[in-house]
Amino acid sequence: MSAENAPVAAGVHAVVANPQRISAAAYNQARSILAQAGSQTAAKSHPIHGQKDVPVGYGTSLLAAARDEFRRTDRNLPAKDKKSDMSIPHYNAIHDAARVMGIDRW
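Counting from 255, one number per residue, gives the positions in the sequence shown under this note's numbering.
Below, the structure written as structure tokens:
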């Protein structure tokens with residue numbers, strides 16, 4: 255049985271490889287999610303236009319920059335109000351944006 259067809263134990267998330275490319279629409283939607291959540295980095299980034307898709311690195315860079323920005327912004331919040339060193343709304347926005355682009359690792 256190959257690793258990709260191996261069963262996954264209950265409660266364990268299967269790790270799926272990131273796609274090589276993401277659609278411009280998915281990138282733009284993720285960018286919007288992050289900007290609406292307060293990411294200045296995402297707000298200042300340029301929307302993709304005139305291209306069908308872009309390398310996944312565009313999306314992973316966007317997610318990493320927003321994550322780092324949110325962690326800096328939220329560093330003084332009490333631990334009970336944070337998940338992965340950022341506020342829960344920021345954490346949710348990062349994961350919503352990643353899901354839109356089909357990205358699991360960034």
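The C-beta atom is built at its ideal place from N, Cα and C for all residues, glycine as well.
Item to check | Alpha-carbon spacing of Asn-272 relative to Pro-309, whole angstroms | outcome: The residue labelled residue 272 in the question sits at position 18 within the sequence shown. The residue labelled residue 309 in the question sits at position 55 within the sequence shown. The alpha-carbon separation between Asn-272 and Pro-309 amounts to approximately 11 Å.
Checklist entry - Helix, strand or coil for Arg-275 per DSSP? => result Numbered from its first residue, the sequence shown carries residue 275 at position 21. Collapsing the DSSP output to three states places Arg-275 in a strand.
Next on the checklist: Please identify the residue among Ser-341, Ser-277, Phe-324 whose C-alpha is closest to the C-alpha of Pro-301.
Outcome noted: Indexing the sequence shown from 1 puts residue 301 at position 47. Per the Cα distances, Ser-277.
Item to check | Rounded straight-line distance, which links the Cα of Gly-304 to that of Ala-320 | outcome: Counting from one through the sequence shown, the residue named residue 320 turns up at place 66. Counting from one through the sequence shown, the residue named residue 304 turns up at place 50. Rounded to the nearest angstrom, the gap between the Cα atoms of Ala-320 and Gly-304 is 24 Å.
Next on the checklist: I'd like the list of long-range same chain contacts for Gln-274, defined as Cβ closer than 8 Å, with 5 residues on each side in sequence excluded.
Outcome noted: Along the sequence shown, read from residue 1 onward, the residue named residue 274 stands at position 20. Excluding positions up to five away in sequence, the list reads Pro-309, Val-310.
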